[in-house]
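Peer 1:
Spelled out as structure tokens, the structure:
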């Protein structure tokens, strides 16, 4: 494992843990009583914690795609909960603050690191400038 790979793994793990802690906190402080949504918050926190640990410990590369899928799904659920609703659950703006912003930022970071991280580790440019 190279130092670049270790840094990318660490970044993914940290972003997953931030999202997981945020979801676990919200679950424990009221979301557990929301039908279906509470279970989703608990599942998201549990899976994100597990993925963070496995990725940090050097698990197979497909775990990064799983992490990107979990984080991407959370971003979609966040957007739905603020627009059309998710299983009858609707929230407004950035409430609950600061957890909504923390979670969304961490999940977007996870997706970016999972996708761009492979290019960083392999030494290819992440952004192509004009030819």
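Numbering (this note's numbering), first residue to last: 9 to 139.
Beta carbons are placed, not taken as given, at the ideal position from N, Cα and C, and that holds for glycine.
In chain order, what residues of the same chain lie with their CB nearer than 6 angstroms to the CB of residue 178, ignoring the 5 residues before and after it?
Peer 2: Residue 178 lies beyond the range of the chain shown here (9 to 139); nothing can be said about it.
Peer 1: Which residues in the same chain have their Cβ closer than 6 angstroms to the Cβ of residue 25, if we skip the five residues on either side of it in sequence?
Peer 2: Once the five neighbours on either side are set aside, the close Cβ partners of residue 25 are 60.
Peer 1: Where residue 110 and residue 12 are concerned, what is the direct C-alpha to C-alpha distance, given to the nearest angstrom?
Peer 2: Straight-line Cα distance between these residues: approximately 25 angstroms.
Peer 1: Roughly how many whole angstroms lie between the Cα atoms of residue 6 and residue 63?
Peer 2: Residue 6 cannot be examined here, being either before or after the span of the chain that is shown, 9 to 139.
Peer 1: Considering only residues of the same chain and omitting the five flanking positions on each side of residue 55, which have a CB-CB separation below 7 angstroms?
Peer 2: Cβ neighbours of residue 55 beyond the five flanking positions: 78.
Peer 1: Taking the CB atoms as reference points, tell me whether residue 112 and residue 44 lie closer together than 8 angstroms.
Peer 2: Taking 8 angstroms as the Cβ cut-off, residue 112 and residue 44 do not qualify as a contacting pair.
Peer 1: DSSP on residue 94, reduced to helix/strand/coil?
Peer 2: Three-state result, residue 94: strand.
Peer 1: May I ask which residues mark the beginning and end of the alpha helix (DSSP H) holding residue 70?
Peer 2: Residue 70 -> alpha helix (DSSP H) spans 70-89.
Peer 1: Would you tell me roughly how many angstroms separate the C-alpha atoms of residue 52 and residue 101, rounded to the nearest one?
Peer 2: Distance between the alpha carbons of residue 52 and residue 101 is about 21 angstroms.
Peer 1: With a CB to CB cut of under 8 angstroms and the five nearest residues on each side skipped, what residues in its chain are close to residue 4?
Peer 2: In this structure the chain extends from 9 to 139, so residue 4 is not present and cannot be described.
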